[in-house]
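A short write-up of the structure that comes next.
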Amino acid sequence: MIEWLENIDRILFLWLNGFHNDFFDAFFWCVTSKYFGLPFYAIVIWMLIRKYGWKTGAILIVGAILSVALSDLSSNHLFKNIFLRYRPGYNLEIGDQVHNLIVEGARYRGKIDASFLSAHAANMFAIATFVGFSLNRKVLWIGFLVAALIGYSRIYIGVHYPADICCGSILGLFLGWLMYRFFSNLLTLSK
346 MIEWLENIDR ILFLWLNGFH NDFFDAFFWC VTSKYFGLPF YAIVIWMLIR
396 KYGWKTGAIL IVGAILSVAL SDLSSNHLFK NIFLRYRPGY NLEIGDQVHN
446 LIVEGARYRG KIDASFLSAH AANMFAIATF VGFSLNRKVL WIGFLVAALI
496 GYSRIYIGVH YPADICCGSI LGLFLGWLMY RFFSNLLTLS K
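Under the numbering used here, residues 346 to 536 are what the sequence shown spells out, in order.
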């Protein structure tokens, strides 16, 4: 059963990873960058403070940061250490079929660490969920769109399988929701 699922994941990965051209190579390299989310974070900070004021807004900003921290710790130090799944570019069965970007003259395959599950996807879905529930549904869906774009960028550049992205997204959704519930109860109790 596990081999069957991994085979489907590899086939789906190779299909999704295969849509390459120069424009999308540059675009998704920017999307996967750690700086891509900065405008989103700045807008979120502004919206939280504008809606709730400085005190409550600051508490919610701390909640958003803790959502990402918890997500990052869980994905990088728990799941990756348990599952130890090679990134696609290092997978001996499909590594030569993976379209990795050429960065500074070399094939970019990501770190030589585990790929399951995607911390990029988990972190972005955690903050999108926390902030979306804190603000409104429109922000929630925009956050999900940004998170999904970042998730696909990880497949596009060849460093994550679709299952890595899906499971990272689920973890992020859960932790973002859990932290939102905790902080909304905390703010209700403090009133």
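Quick reminder that beta carbons are idealized off the backbone N, C-alpha and C, glycines included.
- The straight-line gap separating the alpha-carbon atoms of K400 and L532 is approximately 10 angstroms.
- In this structure, the alpha-carbon of R499 lies about 17 angstroms from that of A471.
- For M392, the closest C-alpha among the options L405, Y435, G440 is that of L405.
- Here R482 is exposed. Its C-beta has fewer than 16 other C-beta atoms within 10 Å.
- In the three-state reduction of the DSSP assignment, Y501 falls in the helix class, which pools H, G and I.
- Ranked by Cα distance from Y497, the first of I487, E438, I353, C511 is C511.
- The DSSP assignment places no complete run of the beta strand (DSSP E) inside the stretch 451-532 (cut-off: 3 residues).
- Between T474 and G521, the C-beta spacing is below 7 angstroms.
- The beta carbons of S460 and R432 sit closer together than 7 angstroms.
- Under the three-state reduction of DSSP, Y435 is assigned to helix.
- A direct Cα-to-Cα measurement between S479 and I394 gives close to 11 angstroms.
- The DSSP-derived three-state label of N421 is helix.
- In this structure, the straight-line span from the alpha carbon of H505 to that of S463 is close to 7 angstroms.
- A467 and G517 have their C-alpha atoms some 4 angstroms from each other.
- Under the DSSP assignment, F358 falls in the alpha helix (DSSP H) whose first and last residues are 347-362.
- A direct Cα-to-Cα measurement between K379 and N530 gives close to 31 angstroms.
- Around G434, the same chain offers G440, V443, N445, R454, G503 as residues with beta carbons nearer than 6 angstroms, after the five sequence neighbours per side are excluded.
- Shown here for F424: same chain residues with a beta carbon closer than 7 angstroms to its own, the five before and five after excluded, namely F461, L462 in chain order.
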